[in-house]
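If you read the sequence shown in the numbering used here, its first letter stands for residue 3, the second for the next number, and so on.
The C-beta atom is built at its ideal place from N, Cα and C for all residues, glycine as well.
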Amino acid sequence: LGIGAIIGAGIFATVGTAAAGDAARPGAGPSLMLSFAITAIVCAFTALCYAEMAAMVPISGSAYTYSYATLGELVAWIIGWDLILEYAIGNVAVAISWANYFRTFVHDALGIDIPQWLSTDFRTARKIPGLIENAPHILGIPIVFNLLAFGIVALITIVLVWGIKESAEFNAVMVCIKILVLLFFITVALYFVSPSSMAKDWYPFQPNGWAGTLAGAAVVFFAYIGFDAVSTVAEETKNPARDLPFGIIASLIICTIFYVVVAAVFTGLIPYHELVRRLATEQAEPLTMALDHVAPGARWATGIVAFGSVVAHTAVLLVFQLGQPRIFFSMARDGLLPPVFAKVHPRFKTPHVTTILTGVIVGAFAAVMSIDEMVDLTNIGTLFAFVLVCIGITILRYKDPNRQRPFRVPLGPWLLPMLGALSCLFLMYYLPPTSWWRFVAWLMLGLSVYLSYGYARSELGQKTGRPRTTETWLSVLGIAAFVIAIGLLAMPHGASFGELYQEMTAGSGRSMFALAAITIGAVFAIIGLVLGSRSRLK
C-alpha cells in the first residue's frame with residue numbers, strides 16, 4: 003500500500019527541475035540523490051503524526067476528516083482548503099507532465115510531430131528559441147496553449163461524470179507499470195553507459211552547495227505525496243503500535259532507495275551543465291531527455307519510457323480527479339460550502355457538479371501554466387497542511403490526554419511532532435517567493451469563504467448556537483481577506499516584498515496595484531475587527 007501510494011507521477015516530472023534548478027532556485031545537481039533522502043526523513047516524521055491522528059478517528063478519510071474530529075472546525079477548514087489546492091494544482095502539474103510525455107511518445111514511436119505551440123504554456127514557450135515567433139498570431143497576439151493537457155483533463159472529467167470507481171486491481175497494475183518503466187529506464191541507461199562513466203558526471207556533487215541540495219529536496223517532495231496513505235489504515239492493523247511505524251518507515255526506505263537509484267542514473271547520464279543548458283532552451287521531460295543524450299538514435303527506448311509514463315500519469319490523473327470531489331462533498335456536508343457541492347447525479351450517482359467544476363478549473367490552468375509553478379504550489383500547500391497536523395498532535399496530547407490512541411508517535415509528544423513541523427517549514431523556506439504569495443492568497447480566499455459563508459452555516463455552528471446569517475463584521479473581514487488575496491495574486495512573478503516596493507517606486511503599475519489592494523484589505527480587516535469587538539461587548 004505504501005509503495006503504491008508513494009510512487010506516482012512525481013518522479014517522472016520533478017527530477018529535471020530539482021537537478022538543474024531554474025531562475026527561481028539553484029539546482030541540486032548530482033546531490034539530487036541526497037535531496038531524496040532528506041525529503042524521506044521529513045515525510046517519516048509527518049507520517050507518524052498523521053498515523054496517530056488517523057488512529058483516533060475510527061473511520062476512513064482524509065486529513066480534513068481527521069482534523070475536523072480532533073482539532074476543530076477552523077483547522078479542519080484550513081487543511082481541507084489546502085487539500086483542494088493539493089488535488090487541483092497537483093492534477094494540473096500531472097496533466098502538464100502527461101502532455102510532455104505524450105508528445106515525446108507520438109514523436110518517437112509514431113513519427114507524429116505535434117506543434118509545440120499546442121503543447122506548452124506561454125512562460126515555457128518564451129525560453130524556446132523561435133517558438134513564439136513561429137506560432138499563429140491573432141491580432142498580433144501569439145496563440146500558445148497546452149491543448150494536450152487540457153484535452154486529457156476534459157476526457158477524464160467526462161469519464162468520471164459518467165461513472166468510474168477505484169479498483170485495487172487497477173491501482174496495482176498501474177503501480178507495476180510505473181515501477182517497470184523506471185526499471186527499464188535504469189536498465190537501458192546501464193546498457194549505454196557504464197557505472198564508472200556515470201560516476202564522472204557526479205562531480206561536482208553539489209554544484210550549488212547545500213542551497214541547491216535543499217532546494218532540490220523541496221521540489222522532489224512532490225514525488226512523495228501520497229505517503230500518508232499508510233497511516234489511514236491504522237484502525238485495520240492488528241498491532242498499530244508495531245505495524246504502523248514499520249509500514250511507514252519500510253515504505254519510505256524502499257521508495258527512497260528506488261528514487262536515489264533513478265536520480266543517480268539520471269544525473270550520471272547527462273552532465274549537470276548540459277542538463278541546465280537543455281532545460282533552459284528545450285521542452286522535454288527529464289528521463290527521455292537523459293536517454294536521448296546518451297543514445298540519440300534509440301527512439302525505441304525513449305518511446306517505451308514515454309508510453310509507460312503516459313499510462314502511469316493517466317492513472318494518477320484519475321485518482322486526483324476522483325478524490326477532489328470527495329473533499330468538496332465532505333466540506334459541503336459539514337455546512338462549510340454550499341449544498342450544491344454535495345449534489346449527486348440522479349442517473350450516474352456521481353458528484354457531477356464538483357467533478358465538472360474542478361475539471362474546468364484544472365483544464366484551464368493546465369492549458370496556460372508551467373509545471374514548475376504548479377509543483378511548487380502543490381508542495382507548499384501540502385507541507386503547510388502537514389505542519390498543522392504535526393502541531394495538532396502535540397496540542398491534542400495535552401488538550402485531550404485520555405482519548406483512545408491505538409497508535410502513539412514514539413518518543414513523547416514533543417520531539418518527533420516538532421521535528422516534523424520544523425522540517426516541513428524548512429522545506430517550505432526553499433520554495434520560490436511566488437509560491438508563497440500565491441499560497442497565502444489561496445488561504446485568504448479560503449478565509450473569505452469561511453467567514454462569509456461557512457462560519458455561520460456549518461453543522462458545528464448550528465449545534466453551538468451561532469447566528470444563521472453572517473454578521474456584518476464577519477462580512478467585512480471576508481471582504482478584507484478577498485481584497486488581500488487579489489493584491490497578492492497581482493504581485494509581479496518572483497518578486498519579494500522589498501523588490502515589490504522598489505518596482506512601485508520605479509512606477510510599475512502592477513506593483514502599485516498589488517500594494518494598494520493589500521493595504522486596502524488590511525484597512526478593511528482592522529474595521530472588521532473593531533466591529534467584531536463592539537458586537538461582542540453588546
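Give me the DSSP bridge partner(s) of residue i.
| i | result |
| --- | --- |
| Gly218 | According to DSSP, Gly218 bridges with nothing at all. |
| Arg27 | Asp24 |
| His139 | Pro144 |
| Ser121 | Asn148 |
Grouping DSSP H, G and I as helix and E and B as strand, with all else coil, what is residue i?
| i | result |
| --- | --- |
| Gly211 | helix |
| Ile130 | coil |
| Asn93 | helix |
| Gln504 | helix |
| Leu413 | coil |
| Gln285 | coil |
| Glu473 | coil |
| Asp203 | coil |
| Ala492 | coil |
| Gly11 | Note that residue 11 corresponds to Ala in the displayed sequence, not to Gly. Ala11: coil per DSSP, three-state reduction. |
| Lys550 | An answer regarding residue 550 cannot be provided, because it is not within the stretch 3 to 540 covered by the chain. |
| Ala297 | coil |
| Val161 | helix |
| His315 | helix |
| Asn381 | helix |
| Phe350 | coil |
| Pro247 | helix |
| Lys401 | helix |
| Gly394 | helix |
| Asp115 | coil |
| Lys465 | helix |
| Val195 | coil |
| Arg512 | helix |
Please identify the residue among the options whose C-alpha is closest to the C-alpha of residue i.
| i | options | result |
| --- | --- | --- |
| Arg399 | Ala213, Gly18 and Met58 | Met58 |
| Trp416 | Thr258, Ile395, Gly305 and Thr472 | Ile395 |
| Pro206 | Phe224, Pro327, Ile256 and Gly31 | Gly31 |
| Glu54 | Arg459, Ala21 and Cys392 | Cys392 |
| Ala219 | Ala42, Leu418 and Val364 | Ala42 |
| Ile98 | Thr67, Gly74, Pro327 and Gly153 | Gly153 |
| Gly523 | Met493, Ile488, Val532 and Gly511 | Ile488 |
| Ile40 | Trp212, Ile130, Ile80 and Met176 | Trp212 |
| Val44 | Leu447, Pro434, Thr384 and Phe484 | Thr384 |
| Ala297 | Val195, Pro469, Ala217 and Ile256 | Val195 |
| Phe223 | Ile13, Val342, Ser477 and Leu476 | Ile13 |
| Ile158 | Phe322, Lys129 and Ile145 | Phe322 |
| Leu553 | Gly29, Met420, Tyr452 and Gly10 | The structure shown does not extend to residue 553, since the chain is modelled only from 3 to 540, so the question has no answer here. |
| Gly456 | Phe367, Gly82 and Tyr193 | Gly82 |
| Tyr431 | Gly10, Ala11, Gly18 and Arg27 | Arg27 |
| Ile114 | Cys51, Glu287, Gly305 and Phe186 | Gly305 |
| Glu287 | Pro341, Phe268, Gly299 and His275 | Phe268 |
| Ala78 | Tyr274, Gly448 and Gly92 | Gly448 |
Just checking: is the beta-carbon of residue i within a distance shorter than 7 Å of some beta-carbon in chain B?
| i | result |
| --- | --- |
| Glu284 | You won't find chain B in this structure, because it holds only one protein chain. |
Express the C-alpha separation of residue j and residue i in angstroms, rounding to a whole number.
| i | j | result |
| --- | --- | --- |
| Gly214 | Ser513 | 29 Å |
| Ala252 | Arg349 | 43 Å |
| Leu87 | Leu445 | 10 Å |
| Glu461 | Gly337 | 5 Å |
| Cys426 | Arg536 | 39 Å |
| Ser372 | Thr290 | 19 Å |
| Phe388 | Pro327 | 21 Å |
| Trp164 | Leu254 | 36 Å |
| Glu473 | Val146 | 46 Å |
| Trp438 | Gly18 | 22 Å |
| Ala518 | Ala443 | 15 Å |
What's the call for residue i, buried or exposed, on a 16-neighbour Cβ count within 10 Å?
| i | result |
| --- | --- |
| Phe248 | exposed |
| Lys401 | exposed |
| Lys465 | exposed |
| Trp100 | buried |
| Val175 | exposed |
| Val525 | exposed |
| Leu182 | exposed |
| His354 | buried |
| Tyr193 | exposed |
| Lys202 | exposed |
| Pro138 | exposed |
| Cys178 | exposed |
| Pro341 | exposed |
| Val411 | buried |
| Thr16 | buried |
| Gln504 | exposed |
| Asn210 | buried |
| Gly92 | buried |
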